[in-house]
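Peer 1: Take this structure, written in structure tokens, and hold onto it; I'll ask about it next.
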Amino acid sequence: MEEIIPSLPRQATKALQINPSTSLTPSSPSIETSFAIHELIAGAIAGSAGIFVGHPLDTLKVRMQMLPSTSSTSVSALFFNSQYGSVWKGLLPPVMMAGVLNAQIFFTYGRSTQMINSYFDIRDGEQSLLRDGVCGLFTGLVSAFIMTPTEHVKTRLQTQHKSNVTLSKGLSEVIYRNGLHATHDIYQKTGITGIYRGFAATALRQGPAFAVYFTTYNALKEHASKYDQNNSLITSILAGGVAGSLSWAVTYPVDLIKNRIQAMPLDSKVNHSMVAISRQFVHENGWRALFRGFGLTVIRAFPVNGVIFTTYEFTLEALGSSVTC
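Going by full-length UniProt numbering, the sequence shown opens with residue 1, and the numbers climb by one from there.
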């Protein structure tokens, strides 16, 4: 699950703070449109910044997930292993899709929240863990349509070697120059079904992850508001970090299986269904290996959220908007 802008749900339910310098009123349709545009721009920029900061650790995490159980390779060895190449490999696809992804998250979560609020007569801003969970689940499932091809290409770039000698089973032997080359090759060999390889696993990860994320984040923010009425940036960062870590803890094994499915050779005749790959992996490595690389993911959550929030607020201020996180 890529990092998102956790303040979007509350903005989607119109929890907005008007910039004192503007003469527009909160009820004006034009100000809502202006805020929406500013939020999408800020979300795209902040999301890209978060991906840039967290990508090296994400690359190391994915490479650790590909290692066999007998491997004693350390994180530092993976970082400096010249056969893998730079830890920045695969950066471009998620950065290019950051704007689209955040726009989808904003629109889907906002609209679904408004629909539930209207149907069940829930006031805007009123706490509802069930609503947050349901809307987060739906948002995550929809995001899988964007995430699957993006992460498929990213994973292949992150795990390919400079030589044709693979260090572990399942790594691609094709040397891709960049994301466009990888996308073209995958589509040419397997068509659109190949581009969307790992969709079921991605959806199974994204749905529960967003449900846990939004529920946890909003609950923590609601609790923290009793002690931090100004909703400071550090509170948002901590809430986002905890929510992100918890959502990864719940769905991390699915992420590992998804990455192994997407890293398999395109012409492999091996059954690459989730059930088959999961059984094989647990049989060969044990269930504890399903959390290989999880520590890197938890460590990554806090600096990424810190960069996202800082960039998000700075961008909104530069655009002439101000929101409470």
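Where a beta carbon is used, it is the ideal one built from N, C-alpha and C, also for glycine.
Please go through the same chain and pick out, in chain order, the residues whose beta-carbon is closer than 8 angstroms to the beta-carbon of residue 196, but skip the five residues on each side of it.
Peer 2: So the list reads 148, 149, 152, once near-sequence residues are dropped.
Peer 1: By DSSP, does residue 126 sit in helix, in strand, or in coil?
Peer 2: DSSP places residue 126 in coil when its eight states are reduced to three.
Peer 1: Looking only at C-alpha atoms, which of 34, 41, 49 sits nearest to residue 308?
Peer 2: Minimum Cα distance to residue 308 is reached at 49.
Peer 1: Counting Cβ pairs closer than 8 angstroms, one from the segment 227-240 and one from the segment 172-189, do we hit at least three?
Peer 2: With the cut-off at 8 angstroms, the segment 227-240 and the segment 172-189 do not touch.
Peer 1: Note down, in chain order, each residue of its chain lying with its Cβ closer than 7 angstroms to the Cβ of residue 165, except the 5 sequence neighbours on either side.
Peer 2: Only weak support is given to the placement of residue 165: the predicted model assigns it a pLDDT of 42, under 50, and the question is left unresolved by the model.
Peer 1: Closest by CA to residue 45, which one among 95, 117, 62?
Peer 2: For the residues 95, 117, 62, the minimum Cα distance to residue 45 belongs to 95.
Peer 1: Go ahead and label residue 88 buried or exposed: buried means 16 or more other beta carbons lie within 10 angstroms of its beta carbon, across all protein chains shown.
Peer 2: Looking at its Cβ environment, which holds fewer than 16 other Cβ atoms inside 10 Å, residue 88 is exposed.
Peer 1: In angstroms with no decimal places, state the Cα-to-Cα distance between residue 320 and residue 102.
Peer 2: In a straight line, the C-alpha of residue 320 is about 20 angstroms away from that of residue 102.
Peer 1: Check residue 227 in the structure and name its three-state DSSP category.
Peer 2: Residue state, collapsed to three classes: coil.
Peer 1: Pick from 127, 311, 208: whose alpha carbon is nearest that of residue 223?
Peer 2: Of the listed residues, the one whose Cα sits closest to residue 223 is 127.
Peer 1: Identify whether residue 37 lies in helix, strand or coil by the three-state DSSP scheme.
Peer 2: Three-state DSSP puts residue 37 in a helix.
Peer 1: How big is the Cα-Cα spacing for residue 281 and residue 287?
Peer 2: Distance between the alpha carbons of residue 281 and residue 287: 8 angstroms.
Peer 1: DSSP state of residue 75, grouped into three classes?
Peer 2: Residue 75 falls in the helix class under three-state DSSP.
Peer 1: If you compare alpha carbons, which of 144, 73, 61 is closest to residue 97?
Peer 2: Nearest C-alpha to residue 97: 144.
Peer 1: Are residue 266 and residue 190 touching if we call contact CB-CB under 7 angstroms?
Peer 2: Taking 7 angstroms as the Cβ cut-off, residue 266 and residue 190 qualify as a contacting pair.
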